[in-house]
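For reference, the structure is listed below as structure tokens.
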Amino acid sequence: MKRSSYVILALGGLLIGGLTAVLTKPGMQQKLLEPQASVGKALVGGPFSLVDHTGKRVTEQDFRGRYSLVLFGFTYCPDVCPSGLQVMAAALDKLGAKGDRITPVFISVDPERDTPAQLAQYVASFHRRLVGLTGTQAEVDAVAKAYRVYFKKVRDEKSSANYTIDHTALIYLMDQNGSYVAHFTPTTGLDAMAERLAKLLPG
Ligand code: NI
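To convert, take the position in the sequence shown, counting from 1, and add 121; that gives my numbering.
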């Protein structure tokens, strides 16, 4: 779909149990809310069962012990997902050894088109360690719900299979226990993301 009709949902107040969605579109001033003070437990994340880009069945347990940067999207996304993944990949590389402690993850909200094979080709073009995840529609619905990710199929004659998908495009930093730490947006600059990640990662 065209950038002009792209929807980014920025979620705020995640840490205090509130959930605020702000619709941003080009032309409007972007209001991207940062999580408020760490009170209580984050509502983002949880158990899942999906298939990775090599065809292997994985769960949230496979990501334990390491930090991860998680973006939901789809491989046919024309601009928001690619730019988000580029920034993620560049930030991890910039961080060097610290970046190596973070697993970049791309979770598809388009299981119909994003087969493991399609994902394998896609993730390799961004970062050597980027993990692509997909699953059945029910599995994708469940993980999106756990991460408070909104997505909706929208008719688009110009796109393959005649549809595109509006979706939340936040990048979540999850810790080694799978708990939410912070989030970024695809418009977060490379330097800003690298700097903040360096501060957020212990050691
Ligand atoms: Ni996208």
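Cβ coordinates follow ideal geometry from the N, Cα and C atoms, glycine included. Please read these numbers as outputs of a predicted model, since none were measured by experiment.
Fill in: Three-state class that DSSP yields for Ala319 in the structure shown
Helix, per DSSP.
Worksheet entry | Beta-carbon proximity check, Phe193 vs Tyr268, cutoff 8 Å | Contact: yes.
Fill in: Simplified DSSP state of Ala211, which is helix, strand or coil
In the structure shown, Ala211 sits in a helix (DSSP, three-state: H, G or I).
Practice prompt. Let me know if Ser229 comes out buried or exposed under the rule of 16 or more other beta-carbons within 10 Å of its beta-carbon.
Written response: Buried is the label assigned to Ser229, since at least 16 other Cβ atoms lie within 10 Å of its Cβ.
Practice prompt. Have a look at Arg187, Asp312, Ala282, Ala211 and flag the residue whose alpha-carbon is nearest the alpha-carbon of Arg222.
Written response: Nearest option by C-alpha distance: Arg187.
Worksheet entry | Alpha-carbon to alpha-carbon, Pro203 and Thr285 | Distance between the alpha carbons of Thr285 and Pro203 is about 15 Å.
Discussion item. Assuming contact is defined by CB atoms lying nearer than 8 Å, are Thr289 and Val252 in contact in what I supplied?
Written reply: Going by C-beta atoms, Thr289 is not nearer than 8 Å to Val252.
Practice prompt. Compute the distance between the beta-carbons of Leu294 and Leu311, then report whether it is under 8 Å.
Written response: Annotated as distal: Leu294 and Leu311, with beta-carbon spacing of 8 Å or more.
Item to complete: Check the DSSP bridge columns for His174 and list the partner residues they point to.
Response: Answer by DSSP bridge pairing: none, since His174 is not bridged.
Discussion item. So, with DSSP's three-state summary, where would you put Val270?
Written reply: Note: Val270 maps to coil in three-state DSSP.
Practice prompt. Determine the DSSP secondary structure at Asp296, reduced to helix, strand or coil.
Written response: Residue state, collapsed to three classes: coil.
Discussion item. Please report the distance separating the alpha-carbon of Ala218 from that of Thr255.
Written reply: The alpha-carbon atoms of Ala218 and Thr255 are separated by roughly 28 Å.
Discussion item. Looking only at its chain, what residues have a beta carbon closer than 7 Å to the beta carbon of Gly299, apart from the 5 residues adjacent to it on each side?
Written reply: Listed in chain order, the non-local C-beta contacts of Gly299 below 7 Å within the same chain comprise Gly166, Glu181, Phe184, Arg185, local neighbours out to five positions each way being set aside.
Discussion item. Please list the terminal residues of the continuous alpha helix (DSSP H) segment that includes Tyr243.
Written reply: Tyr243: member of the alpha helix (DSSP H) spanning 237 to 245, first to last residue.
Item to complete: Below 8 Å on the Cβ atoms is my guess for Ala315 versus Ala212; work out the distance and round it to an integer in Å.
Response: Approximately 4 Å separates the beta-carbon atoms of Ala315 and Ala212; this is inside 8 Å, confirming the contact.
Item to complete: Give the C-beta separation of Val208 and Pro307 to the nearest angstrom, bearing in mind that I take them to be a contact with Cβ-Cβ under 8 Å.
Response: That pair is a contact at about 7 Å.
Fill in: Member of Ala210, Asn283, Ala265 whose CA lies at the smallest distance from the CA of Arg249
Comparing Cα-Cα distances from Arg249 to each of Ala210, Asn283, Ala265, the minimum goes to Ala210.
Discussion item. Can you list, in chain order, the residues of its chain with a C-beta nearer than 6 Å to that of Asp231? Leave out the 5 residues immediately preceding and following it.
Written reply: The answer, listed in chain order, is Phe195, Ile286.
Worksheet item: With respect to 7 Å, is the separation between the Cβ of His304 and the closest non-hydrogen atom of the ligand NI below this value?
Response: Answer for His304: no, Cβ out of range of the ligand NI.
Worksheet item: Where does Leu192 fall in DSSP's three states?
Response: Strand at Leu192.
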